[in-house]
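Everything on this sheet refers to the single structure shown next.
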Amino acid sequence: MLCLGEEGVVLKDIDHAYILDSFVFISVGYVGNKSAVFPLQLLGYDVDPINSVQFSNHTGKLLIPLHSNSLTPETRCEGQVLNGDQLWDLIEGLEANDLLFYTHLLTGYIGSVSFLNTVLKVVDKLRSINPKLTYVCDPVLGDEGKLYVPQEMVSVFREKVVPVASMLTPNQFEAEQLTGLRITSEQDGREACNILHAAGPSKVVITSINIDGNLLLIGSHQKVKGQPLQFKILIPKIPAYFTGTGDLTTALLLGWSNKYPENLDKAAELSVSSLQALLARTVNDYTEAGHDCQSSSLEIRLVQSQDDIRNPEIKYKAEKYD
1 MLCLGEEGVV
11 LKDIDHAYIL
21 DSFVFISVGY
31 VGNKSAVFPL
41 QLLGYDVDPI
51 NSVQFSNHTG
61 KLLIPLHSNS
71 LTPETRCEGQ
81 VLNGDQLWDL
91 IEGLEANDLL
101 FYTHLLTGYI
111 GSVSFLNTVL
121 KVVDKLRSIN
131 PKLTYVCDPV
141 LGDEGKLYVP
151 QEMVSVFREK
161 VVPVASMLTP
171 NQFEAEQLTG
181 LRITSEQDGR
191 EACNILHAAG
201 PSKVVITSIN
211 IDGNLLLIGS
221 HQKVKGQPLQ
231 FKILIPKIPA
241 YFTGTGDLTT
251 ALLLGWSNKY
261 PENLDKAAEL
271 SVSSLQALLA
281 RTVNDYTEAG
291 HDCQSSSLEI
301 RLVQSQDDIR
311 NPEIKYKAEK
321 YD
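Residue numbering for the sequence shown follows this note's numbering, starting at 1 and increasing by one per position.
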């Protein structure tokens, strides 16, 4: 698997999948590749990461490590940003050494149109070598009504990226941006999935939708054109703020859907159950350490939750739509 974005990764082996991944990387905290690579490795995959961004810490978030008593916001961030030419240099290096066979490509946060256009070149290159390449895209655009990226990125994702993706994992706001449909009901969520299917990907998971005070995941797998199999999972709300959960969720969905390629609902059950167990452990550990979980962004307890990633107890079941 190759991962590109905030951090990037490549997976080798179904269970021999070869994943190339591109995500952000930060030295302190768990977002991007630090949230995506380790879970995929725990699930038995070889992952080759590419760090599209390499920073000292998260940008602008009040992120509190469990061992720290400081509540000082992280206002300074140092590091490097990979540009499109530098990404292509890495791809050419892999190709020159006959190392460019991947079964999966995973991408997360991408901060510029130029880098995104290079990612599209990477997709074409990888599919010229392996036409069956699965491209899993977390279209990180924003959340809660706010864009994280330049406005022009939205049209590039909609017009160029969505058509070449195999699986798409937007949140509610991102699904609205990509479809032009405001999602205010479950039916709207299902219709957004249909619109995205028509544009390209056979698998769509809207990872979080707030409907009438309830938090839902809505998934859709179109095995036959015009006949998507759709489901929802009700997710409990946790009164805390975390970073890196979107990157982790997409990685888990990739890992489990590769093991259960015909059962996206089961892959989602396993992914949600792992994530919720991890978040519960995070809140418990911070509470026991004397922190107020609602006053800061919590660093997820990823390493401590590895058993829940490898062998999750399915506590959150998918409900299929008729």
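Note that beta-carbon positions come from the ideal geometry of N, C-alpha and C, so glycine has one too.
In this text, all values refer to a predicted model and were calculated from it rather than measured experimentally.
| Pair within 7 angstroms by beta-carbon distance, Gly246 and Ile218 | As a working mapping, residue 246 is identified with position 246 in the sequence shown. As a working mapping, residue 218 is identified with position 218 in the sequence shown. Not a contact, by the Cβ cut-off of 7 angstroms.
| task | Taking Val162 as the reference, give the member of Lys132, Val123, Arg182 with the closest Cα. | result | By one-based count along the sequence shown, residue 162 stands at place 162. Residue Val123 is the option with its Cα nearest to Val162.
| First and last residue of the uninterrupted beta strand (DSSP E) at Ser208 | Position 208 of the sequence shown holds residue 208. Element bounds for Ser208: 203-211.
| message | Would you call the segment 284-294 in contact with the segment 245-262, where contact means no fewer than 3 C-beta pairs closer than 8 angstroms? | response | Not touching, per the Cβ criterion.
| task | Would you kindly work out how many angstroms separate the C-alpha atoms of Ser202 and Gly32, rounded to a whole number? | result | Your numbering for residue 202 matches position 202 in the sequence shown. Your numbering for residue 32 matches position 32 in the sequence shown. Each residue's Cα considered, the two are about 24 angstroms apart.
| field | Pairwise C-alpha distance: Glu92 and Ser185 | value | To locate residue 185, count along the sequence shown from 1; it is residue 185. To locate residue 92, count along the sequence shown from 1; it is residue 92. Going from the Cα of Ser185 to the Cα of Glu92 covers about 46 angstroms.
| field | Distance between Gln86 and Leu270 (C-alpha atoms, nearest Å) | value | What you label residue 270 is simply residue 270 of the sequence shown in a count that begins at 1. What you label residue 86 is simply residue 86 of the sequence shown in a count that begins at 1. Rounded to the nearest angstrom, the gap between the Cα atoms of Leu270 and Gln86 is 36 angstroms.
| query | What is the DSSP secondary structure of Ile238, counted as helix, strand or coil? | reply | Counted from its first residue, the sequence shown places residue 238 at position 238. Correct three-state label for Ile238: coil.
| field | Contiguous beta strand (DSSP E) assignments of at least 3 residues, all confined to the segment 95-127 | value | 104-107
| Hey, is the segment 164-175 in contact with the segment 207-226, meaning 3+ C-beta pairs nearer than 8 angstroms? | yes
| said: Using C-beta distances below 6 angstroms, list every residue in its chain close to Tyr321, excluding the 5 sequence neighbours before and after it, in chain order. | reply: Position 321 of the sequence shown, counted from the first residue, corresponds to residue 321. Result list for Tyr321: Gln230, in chain order.
| Exposure label - Ala96; buried when at least 16 CB within 10 Å | Translated into the one-based positions of the sequence shown, residue 96 becomes position 96. By the 10 Å Cβ count, Ala96 comes out exposed.
| query | According to the neighbour-count rule (16 or more other Cβ atoms, all chains shown, within 10 Å of its Cβ), is Lys232 buried or exposed? | reply | Locating residue 232 in the sequence shown gives position 232, counting from the first residue. Buried: at least 16 other Cβ atoms inside 10 Å.
| Per-residue DSSP class, three states only, for Lys320 | In the sequence shown, the residue the question calls residue 320 occupies position 320. Looking at Lys320 - three-state DSSP - the assignment turns out to be strand.
| task | Enumerate in chain order the residues of its own chain whose CB-to-CB distance from Val113 is below 8 angstroms, with the five nearest sequence positions on each side excluded. | result | One-based indexing of the sequence shown puts residue 113 at position 113. Taken in chain order, the residues that qualify are Pro150, Glu152, Met153, Val156.
| request: Check whether the Cβ atoms of Ser274 and Tyr316 lie closer than 7 angstroms to each other. | output: What you label residue 274 is simply residue 274 of the sequence shown in a count that begins at 1. What you label residue 316 is simply residue 316 of the sequence shown in a count that begins at 1. No, they are not a contact pair.
| request: Specify the secondary structure class of Gly333 as computed by DSSP and reduced to three states. | output: Because the chain spans 1 through 322 in this model, residue 333 falls outside it and cannot be assessed.
| query | Roughly how many angstroms lie between the CA atoms of Tyr241 and Asp98, to the nearest whole one? | reply | The residue labelled residue 241 in the question sits at position 241 within the sequence shown. The residue labelled residue 98 in the question sits at position 98 within the sequence shown. Annotation: Tyr241 to Asp98 spans about 43 angstroms, alpha carbon to alpha carbon.
| task | Assuming Met167 contacts Val136 (C-beta within less than 8 angstroms), just tell me the rounded distance between them. | result | Along the sequence shown, one-based indexing puts residue 167 at 167. Along the sequence shown, one-based indexing puts residue 136 at 136. Indeed, because the Cβ distance is near 5 angstroms, the residues count as touching under 8 angstroms.
| query | What is the DSSP secondary structure of Pro73, reduced to helix, strand or coil? | reply | Against the sequence shown, residue 73 aligns to sequence position 73. Residue confidence is low: Pro73 scores 49 on pLDDT, short of 50, so the model does not pin down where it sits. Its coordinate-derived value is still stated next. Pro73 falls in the coil class under three-state DSSP.
| field | Tyr18 in three-state terms, based on DSSP | value | Taking the first residue of the sequence shown as position 1, residue 18 is located at position 18. DSSP places Tyr18 in strand when its eight states are reduced to three.
| query | Quick one: Cα of Ile129 to Cα of Leu100, how far? | reply | In the sequence shown, counting from the first residue as 1, residue 129 sits at position 129. In the sequence shown, counting from the first residue as 1, residue 100 sits at position 100. Computed Cα separation, rounded: 8 angstroms.
| DSSP state of Asn214 mapped onto helix, strand, coil | Taking the first residue of the sequence shown as position 1, residue 214 is located at position 214. Three-state result, Asn214: strand.
| query | Where Ser52 and Pro236 are concerned, what is the direct C-alpha to C-alpha distance, given to the nearest angstrom? | reply | Position 52 of the sequence shown holds residue 52. Position 236 of the sequence shown holds residue 236. Taking the straight line from one Cα to the other gives about 32 angstroms.
| task | Could you please give the first and the last residue of the uninterrupted alpha helix (DSSP H) stretch that includes Thr282? | result | One-based indexing of the sequence shown puts residue 282 at position 282. First-last of the alpha helix (DSSP H) with Thr282: 264-288.
| Where the alpha helix (DSSP H) through Val161 begins and ends | Along the sequence shown, one-based indexing puts residue 161 at 161. Counting along the chain, Val161 falls outside any alpha helix (DSSP H), and DSSP gives it neither H nor E.
| field | Neighbour-count burial assignment, Val283, 16 or more Cβ in a 10 Å radius | value | Numbered from 1 along the sequence shown, position 283 holds the residue referred to as residue 283. Buried.
| Range of the contiguous beta strand (DSSP E) that encloses Cys137 | Position 137 of the sequence shown, counting from 1, holds the residue named residue 137. Counting along the chain, the beta strand (DSSP E) containing Cys137 begins and ends at 134-137.
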